[in-house]
Amino acid sequence: MVDQAALESDQPLLTAKSLGKSFGRIAACRDVSFALYPGEVLAIVGESGSGKSTLLQMLSGQLAPSAGHVSYRMRDGVTRDLTTLGEAERRFLFRTDWGFVHQDPAQGLRMAVSAGANVGERLMAVGWNHYGRIRDTASDWLSRVEIDVARIDDAPRTYSGGMRQRLQIARNLVTEPRLVFMDEPTGGLDVSVQARLLDLVRSLVAELHLAVIIVTHDLAVARLLSHRVMVMKGGRVIETGLTDQVLDDPREPYTQLLVSSILPP
Amino acid sequence: MTAMIDVANAQKTFTMHLQGGIELPVVRGVTFHVNPGECVVLSGPSGAGKSSILKMIFGNYRCDSGRIGIRHRGVVIDLATAEPRQILNVRRATIGYVSQFLRAVPRVATIDVVAEPLIAGGMTRAEAQQRAGALLQRLNIPERLWQLPPATFSGGEQQRVNIARGFISDLPILLLDEPTASLDAANRAVVVELVAAKKRQGVAMVAIVHDDEIRHLIADRIVDVTSFAAAA
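Protein sequence lines correspond, in order, to chains A and B.
According to the working numbering, the first sequence is numbered sequentially starting from 1238.
According to the working numbering, the second sequence is numbered sequentially starting from 3.
The structure is reproduced here in structure tokens:
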């Protein structure tokens, strides 16, 4: 109950205002505004080229917007404009309060070092230095993402695709971030592996009260994980609202097309 | 206002953009209210818009115009204009929806599917599971099935799991969409008892029931949806 009450009264964690990005004459993303609250899961859906990945990069401070701005409420309660953060501050945010789950785990992991080191590295980056505690916490996280702890000393290149993705999630969550960005996290996985991963993400998000911004072209993923959805087309948000409302009662022609393109289960 | 639900002049039209923009009027002028401890049954033939009205009250379908007043923690919120976050809060604390079909979550045990709303509301896992078990027992789901995910259960069993999940919380409003559709006589009787118990607790309910006998047993008032028919 405490969490719910906090959710109601809380300030936004991240706010985007009139965000836009142009590459030369091409507008990849135009006039996007929204507020994300703690514990809220927002899905950005749309097909390739709709501007959703560009948007995610701007939201996570990896790409400077051509227009508008993104602000984030830091752990000390102060809301800062991302563009005013120094490089060191931005990197610190990325190592502590934020997570980023890439579609390709090889982008988010170090493939040649052990799974334990992959998880432990994030802890060392925030000042942990006791080897035993780091290893204990790393094994704890491996089991939370359903990886056999006996595999802790193996490098992720010896892991299956699903295991790599779960390891990437453990690496991101070990520092207890408040916001996690996910870019097509189930993209390259088999259907059965996808279901397991989604189920895991769903329970971790609820348990840790995480805010998530997830980019996906898969409406089933959006339905399972998100509270709210933004539909993008041609760089613009064309429809937004409660996830089940947008998917069960889509208003825009393009959203109706997307929804009607899903094969019945 | 003491009503838990106060719907006034609500209207819904679907615009089918993929079919050349055909306008499909569903309902208009929907007006009724539900008091605490009362069960209002929506009646009318298939296609009259009963489910659409229920979905509008849950915030699942948008409302083109009119008002869907819901008493939420002592304050009236108009779901027709509410923000997504407000609707989610209303669903957490005020409105439950029991549909005919279970949206099965892969890999989650039946007992946890049922206990989940209580855990989300802050109850300990052990206590929530205990209450879930009692309710499953009452709905005649054998204990040997509780640790299995309900995805492989029969239609009737899945529906009973869904009913257990819907009835377990102490929400002040419940929406029931054909809760007895594929149940046998014994389990229909259990559902009638559960509805009666909710009434005693002061829960306001809106139900769609095709079975005349059940409707007679649970309805305090009947609202005829054909009077809201939108077709010209």
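For glycine and all other residues, C-beta sits at the position ideal for the given N, C-alpha and C.
Taking 9 Å as the CB-CB cut-off, is residue i touching chain A?
i	result
arginine 167 of chain B	no
proline 152 of chain B	no
proline 27 of chain B	no
valine 110 of chain B	yes
phenylalanine 16 of chain B	yes
alanine 122 of chain B	yes
arginine 127 of chain B	no
lysine 57 of chain B	yes
alanine 234 of chain B	Low per-residue confidence applies at alanine 234 of chain B: pLDDT is 48, beneath 50, and the placement is therefore not dependable, though the value from the model is reported in the following sentence. No, no contact with chain A.
arginine 64 of chain B	yes
Can you find a C-beta in chain B that's less than 9 Å from the C-beta of residue i?
i	result
leucine 1416 of chain A	no
alanine 1253 of chain A	no
alanine 1265 of chain A	no
tyrosine 1396 of chain A	no
glutamate 1277 of chain A	yes
Who are the neighbours of residue i on chain B, taking C-beta pairs under 8 Å?
i	result
serine 1497 of chain A	Leu20
glutamine 1294 of chain A	Those do not exist, as glutamine 1294 of chain A stays about 25 Å from chain B at its closest Cβ, beyond 8 Å.
alanine 1304 of chain A	The contacting residues do not exist; alanine 1304 of chain A stays about 25 Å from chain B at best.
serine 1436 of chain A	Inspection of the sequence shows that residue 1436 of chain A is occupied by aspartate rather than by serine. Residues of chain B passing the Cβ test: Val107, Pro108, Arg109, Val110.
alanine 1432 of chain A	Pro108, Arg109
If you run the structure through DSSP and keep just helix, strand and coil, what is residue i?
i	result
phenylalanine 16 of chain B	strand
threonine 1412 of chain A	coil
alanine 1206 of chain A	Given a span of 1238 to 1502 for chain A in the structure shown, any question on residue 1206 of chain A remains unanswerable.
glutamate 1489 of chain A	coil
aspartate 1240 of chain A	Because the pLDDT at aspartate 1240 of chain A is just 48, under 50, the model does not fix this residue reliably, and the value given afterwards should be weighed accordingly. In this structure, aspartate 1240 of chain A counts as helix in the three-state DSSP scheme.
alanine 221 of chain B	coil
aspartate 1521 of chain A	Residue 1521 of chain A is absent from the structure shown; chain A starts at 1238 and stops at 1502.
aspartate 1390 of chain A	coil
serine 1270 of chain A	strand
glycine 31 of chain B	strand
phenylalanine 103 of chain B	coil
tryptophan 1378 of chain A	helix
leucine 1250 of chain A	coil
asparagine 11 of chain B	strand
alanine 1349 of chain A	coil
glutamate 25 of chain B	strand
aspartate 1481 of chain A	helix
glutamate 215 of chain B	helix
List, in chain order, every chain A residue whose beta-carbon is nearer than 7 Å to that of residue i.
i	result
arginine 133 of chain B	None at all; the shortest Cβ gap to chain A is about 17 Å.
Do you know offhand how far residue i's Cα is from residue j's?
i	j	result
glutamine 21 of chain B	glutamate 1489 of chain A	13 Å
cysteine 41 of chain B	cysteine 1266 of chain A	49 Å
glycine 1364 of chain A	threonine 182 of chain B	58 Å
glutamine 203 of chain B	glycine 1257 of chain A	52 Å
alanine 199 of chain B	asparagine 164 of chain B	18 Å
glycine 71 of chain B	valine 9 of chain B	6 Å
phenylalanine 1260 of chain A	serine 1297 of chain A	18 Å
alanine 1448 of chain A	valine 1417 of chain A	6 Å
isoleucine 1499 of chain A	glycine 1369 of chain A	49 Å
aspartate 226 of chain B	glycine 46 of chain B	6 Å
glycine 1478 of chain A	alanine 1301 of chain A	27 Å
leucine 120 of chain B	leucine 1410 of chain A	26 Å
serine 1550 of chain A	glycine 1314 of chain A	A question about residue 1550 of chain A goes unanswered here, because the residues of chain A that appear run from 1238 up to 1502.
aspartate 80 of chain B	methionine 1348 of chain A	52 Å
arginine 1415 of chain A	aspartate 1247 of chain A	13 Å
serine 101 of chain B	glutamate 180 of chain B	7 Å
tryptophan 148 of chain B	aspartate 186 of chain B	20 Å
leucine 141 of chain B	arginine 127 of chain B	21 Å
serine 229 of chain B	threonine 15 of chain B	16 Å
valine 1282 of chain A	glycine 1398 of chain A	23 Å
valine 1452 of chain A	tyrosine 1396 of chain A	25 Å
valine 1483 of chain A	serine 1463 of chain A	12 Å
leucine 1293 of chain A	alanine 5 of chain B	44 Å
threonine 1423 of chain A	glutamine 1340 of chain A	7 Å
valine 32 of chain B	histidine 1306 of chain A	43 Å
histidine 1367 of chain A	leucine 1434 of chain A	31 Å
arginine 30 of chain B	leucine 1404 of chain A	52 Å
List the residues of chain A whose Cβ lies closer than 9 Å to the Cβ of residue i, in chain order.
i	result
glycine 61 of chain B	Leu1479, Asp1481, Gln1482
Using the beta-carbon of each residue, which ones in chain B are nearer than 9 Å to residue i?
i	result
aspartate 1427 of chain A	None at all; the shortest Cβ gap to chain B is about 14 Å.
Mind listing the chain B neighbours of residue i? Cutoff is C-beta to C-beta under 7 Å, in chain order.
i	result
tyrosine 1274 of chain A	Arg87
With 8 Å as the C-beta to C-beta threshold (strictly closer), list the residues of the segment 85-102 of chain B near chain A in chain order.
Here the close residues are Pro86, Arg87, Ile89, Leu90, Asn91, Arg94, Ala95.
Could you list the residues in the segment 1443-1468 of chain A with a C-beta less than 7 Å from some C-beta on chain B, going in chain order?
Flagged, chain order: His1464, Arg1465.
Anything in the segment 1470-1499 of chain A with a Cβ closer than 8 Å to a Cβ of chain B? List those residues in chain order, please.
Listed by position, the residues of the segment 1470-1499 of chain A near chain B (Cβ gap below 8 Å) are Gly1478, Leu1479, Asp1481, Gln1482, Asp1485, Asp1486, Arg1488, Glu1489, Pro1490, Gln1493, Leu1494, Ser1497.
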